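Residue numbers (the UniProt record's numbering), protein chains in the order written: chain A, 1 to 479; chain B, 1 to 479. Ideal Cβ placement from N, Cα and C applies to all residues, glycine included. Predicted model, so just to flag it, every value in this text is computed and none were measured.
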C-alpha cells in the first residue's frame, strides 16, 4: 500500500509542535524521541510500519481539545489510536502526523443500572467495561476477538462486532452517545442516555467513521442483564455447502441463537492440532450457541437440532457441562492462533447475504487453486460476516502482493453477491482502493462531503478509508 | 409558529416551473391549480396550514431525480411528503415550495425470506409492508399508531417507533439501506442487504433527518419471523409513581416485554367511556405484553407478575383468550380518539430515562395546575417515550399559545432529566426553537454543517428542525 510523501514543512515544525504540546500536556504524555515514537509505528496490520512525528497521550476531553486546537492551527495531521489492534491499518501513522492515543483515558464516569447504561472514557478496554458492571450481573454485548486489549474508541471507530453480535448487534446497536472533539478543538455531545436524538442524528455517522470526523473521548454504552445460562452445540458436516444451508435454515426459521460460528477443514485441522478441543475431522463445523433460562435453552435447541438432523450431520454434540462448553469455544477462540502457527496469513473481513454462503465458499475454493495460495475459513456465519484467512509466506518475494490480489478478489466477490467490503474490521488503508468497487462516484462524493463538513482541512487520519488519489486531491484542494 | 415570508421571485417563476415539471412528469402528477394544491396545505399538525406553490407525485427514482434537478436549477424549495401524518409539522409546505409526494411510489421491489429483507418504494404504507410478507409468517416490526396510513418515507424521515419498539427497536434498527436522491438530482445508494457499510456510514444520519438531506425513494427493510404467540397483562395501580416504579423494575430485571404501555386516570376514564374496554377505574394502568412460544410466555409472565404483585396492584388481569387480548389493546388504541372526543388536545412527544418516570409525571401534574390546562398521559413507558396530551379549547383566544408554552416547558423538563425533545414524532416546525435547549451552539453548528454538505443551498424542507433564525441565516448566506 502506498502512503503519501510526508510534508517537509510539517516535519520542520516538529520543535515548535513539541513545545506547544508540552504547554498543554505533562511531559510524560508527549512522546517525541525517535526511539520512543517507534512504539506507535504500526497497528495489528503489521505488514505496514511508519513511526509518527510525535505521539501524545492526553488524559481527558479538555486535553484532547487542546492538542487538536494546536494541530489544527499548525496544519499537522492527527491519527487517533485506540489500542492499536486494527487489522485494516486504521491507526497506521504517517511520518508527519501526531498519533493521539487514548490509552490513559480509561475511567468509568457513570454507571446507571436503572436505565441500563455505563459512561466511560473511550480508552477503556472492551472487556473492562463488562468488568465494571458484572458484579451486578450486567454485561456489555459487543465482543471482538481482541476484547481484552481493544479500546472502546476503536470499537466506535470501526463499529466492531464479535461472535455474539448475531443476537446483540454490533457497536452501533449498543452505543447511546458520545462526547467528541472536532479537529478545531470544539467539543460536541452526540446522543445520550435516551432513546432518540432531536435534529440530525450524528451518532450513527460517527460510529464506524474510522477517525475521519473527530476524536471520541467519552462513550455512553447500553449494558444488558446477563442471561441465566448458555449452551453451545457442535455440528459437523461433510460439505461446506450443507453447513451453509443449515445456517440459512436456522436464520430463516426465525430462531435467534446468540452465535453461529463456522470453520472449514483447514481451520478445523489446524485448530485441533493446536488446541485439542475434540473437534471431529470433517469438512465443515458449526458452533451454535443459545442463551436464556433452562426452559428457553431447551426449547430453542430442540428446533435447532431438528434442522441440523435434517442435513445429515456427521457429528451433533450438545454440551452437557460448563467444562464441555468451554472446550468447544476454546477451539474456535484458538483458530487464528492455530493458523498462525503453521503459516503467515492475511485475515480478510467481508459480509455477504447469509444464503450466499455456499456459493461464496465454493468460489473462494476455486480462486485458492488459481492463485496457488491456501485459505482457511472461520467466521460469524449467522450474520454473514466472513473471515477468510489466506496463507502465504512472508519471506517469499511477491507472495504478499499475490495474497493482496487474492484478498481483493474475494472482497469484490462479496460486493458482487450483494454484500459489503467489510463486516467489523473497517476499511483503513487495507481496502481504501476497493471502495470504488462498492460505491458509485456519487456515493463516494457525498461521503467525502460529510468528511469536509467535520474536517475541512482533511487533517484527521490521512490516507485511510477513501481511495488514496481522491482523498489526496481533497486534502490538497483544502490547503 | 412563524414561517418565513414567501420569496416573490420564486412565486413569479410558477409558470416556468410548471412547464418544466410537465416535461418530466405526466400531467396527472403535477398539481398546480390553487383549488387542488389545498389538499397538501397541512399534515397532522393541523393548527398550521399553507398551500404549496405546486405539488408533484413522481412514480419512481428517475422522476424524483428529474424533479429535484429542475427545482435545484431554479432555486425552488422542496418539501418531501410521505402520507402527511406528521404530528410535528414535518411536511408543512411553504407558499413558495414544491411539495414532493411519494404516494404513487408504493411497489414491492424485492422480497428475500432467506436473508430476511424486503425492498419497497418509499411511498408504501407501513402496514402494507407487513401485508406483503405475512403469508410467509413474516412482519415488519416498527408500528406507529398511524401505520395504516403512514408511508415508509415518513417513517425513515422521523425514525418512527411504536408500541412494540421496546423489543424490536425503532426504524433505524430495522432499516438496512436506502436509495436517496440529493437536491441536485444525484442518486445515491446507502447501506444495503448486508450487515455493515464500508466508509462513512450515512444510513444512520439519513434515518431521522426529516427530509433535510435528500428524498428517500426506496428502502430495504429487515423483516422478522412472526412470534408463535403473544399475551398482554393489564395492571392497575393507585398512583402514577408506583406504576412508574413497576416499569423501572421490569426493565432493570432484564426482562424484555414486547410492549409496556402506560395510561393515567384522565386517559383511562376518557377511554373507558369511549371504548368500554373494561379498564378498572384507577390512577394508573399498564399494559405489558410478552411474546414467544407458550413456554416462553409463561416463563416471562411469571417473573413480570411477581414484580407487579410486589407493588400492590389494584388490578392484575392476564388475558385468557384472543378476544380478551384484543379488548385490552382496543382501549389503548382508542385513547387518542377518546381524548379528542372530549377536548381539543396537543400531543407531545419526549423521551426520558425510565427511572425518571415518577418524577416527571408528578412535575407535569404540578405544571397542569399552574397553567390551568388538563393533561392526560398515554405512552410507551418501557422505553421512556412520553406522550402527554394537553387539553385546550381551540375556540378560546390565547388557549393554543398557552398550550404551546406548557408543552415547551414539559419538553424542557425531559431534557433537564437527561432525556430528549423527541421520541418518534421528530422536531419539524413544532420543536425547532427548543433545539437550543437540547444542544449547545457547537452541537447545532456541526449538524448544520452536515446539512450544508448534502444540501448546500438549503432548499430541502425549509424552516424545519433547526431554530428558524439560524436556518434562515444559513439559507440567505447560501443564496
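Check	Outcome
For the beta strand (DSSP E) containing residue 121/B, name the first residue and the last one.	117-121
Leaving aside the five residues before and after residue 228/A along the sequence, list all residues of the same chain whose C-beta is less than 6 Å from its C-beta, in chain order.	293
State the Cα-Cα distance for the pair residue 264/A and residue 449/A, rounded to the nearest angstrom.	42 Å
Just to make sure I have the definition right: I need the residues of chain A whose C-beta is within less than 7 Å of the C-beta of residue 193/B. Which are they?	353 and 418
Can you list, in chain order, the residues of its chain whose CB lies under 7 Å from that of residue 432/A, leaving out five sequence neighbours each side?	464, 465, 466, 467 and 468
Given that residue 446/B touches chain A, what residues does it touch there, using C-beta distances under 8 Å?	182, 186, 188, 202, 453 and 454
Using CA coordinates, which residue listed in 335/A, 170/A and 322/A is at the minimum distance from residue 378/A?	335/A
Does chain A have any CB closer than 9 Å to the CB of residue 114/B?	yes
Relative to the alpha-carbon of residue 84/A, which residue among 39/A, 64/A, 128/A and 395/A has its alpha-carbon at the smallest distance?	39/A
Give a yes or no on whether the minimum CB-CB distance between residue 226/B and chain A is below 9 Å.	yes
Give a yes or no on whether 9 Å exceeds the smallest Cβ distance from residue 217/A to chain B.	no
Identify each residue in the stretch 291-313 of chain B for which the Cβ-Cβ distance to at least one residue of chain A is less than 7 Å, and report them in chain order.	293, 295, 296 and 299
Per DSSP, what are the beta-bridge partners of residue 351/A in this structure?	385/A and 420/A
Output the distance between the C-alpha atoms of residue 341/A and residue 363/A, rounded to the nearest integer angstrom.	26 Å
Tell me the residue span of the beta strand (DSSP E) that contains residue 285/B.	284-292
Can you find the residues in the same chain that come closer than 6 Å, C-beta to C-beta, to residue 268/A, ignoring five residues on each side of it along the sequence?	279 and 285
Can you check which of these residues, 145/B, 437/B and 122/B, is closest to residue 175/B by C-alpha distance?	122/B
Under 9 Å, Cβ to Cβ, is there at least one residue of chain A near residue 145/B?	no
When the cut-off is 9 Å and only beta carbons count, does residue 205/A lie next to chain B?	yes
Select from 312/B, 97/B, 315/B and 274/B the residue whose C-alpha is nearest the C-alpha of residue 8/B.	97/B
Considering only residues of the stretch 170-224 of chain A, which uninterrupted beta strand (DSSP E) runs meet the minimum length of 3 residues and lie entirely inside it, listed in chain order?	175-181, 187-191 and 215-222
If you measure between the beta carbons of residue 440/A and residue 387/A, is that distance less than 9 Å?	no
In the DSSP assignment, find the beta strand (DSSP E) that holds residue 55/A and state where it starts and stops.	54-56
Excluding sequence positions up to five away, which residues of its chain have a Cβ less than 7 Å from the Cβ of residue 339/B?	267, 270, 345, 376 and 389
Taking DSSP as the reference, what is the three-state secondary structure of residue 529/B?	For chain B, the structure presents residues 1 to 479; residue 529/B sits outside this window and is missing.
Residue 156/A: which of 137/A, 145/A, 138/A and 177/A sits nearest, CA to CA?	177/A
Please look up how many angstroms separate the CB atoms of residue 166/A and residue 259/A, rounded, as I've assumed it's under 8 Å.	6 Å
May I have a chain-ordered list of the alpha helix (DSSP H) segments no shorter than 4 residues that lie completely inside the stretch 310-347 of chain A?	322-342
Is residue 405/B buried or exposed, if buried means 16 or more other CB atoms sit within 10 Å of its CB?	exposed
Could you tell me the alpha carbon to alpha carbon distance between residue 262/B and residue 459/B, rounded to whole angstroms?	40 Å
Can you find at least 3 beta carbon pairs, one from the stretch 319-330 of chain A and one from the stretch 353-369 of chain A, that sit closer than 8 Å?	no
Does the stretch 100-107 of chain A come within contact of the stretch 11-18 of chain A, defined as at least 3 CB pairs closer than 8 Å?	no
Across which residues does DSSP place residue 125/A in a beta bridge pair?	151/A
CB residue 224/B to CB residue 138/B, shorter than 9 Å?	yes
Give the residues from the stretch 22-36 of chain B that approach chain A closer than 7 Å (Cβ to any Cβ), ordered along the chain.	none
Can you tell me which of 72/A, 475/A, 168/A and 385/A puts its alpha carbon nearest to the alpha carbon of residue 291/A?	168/A
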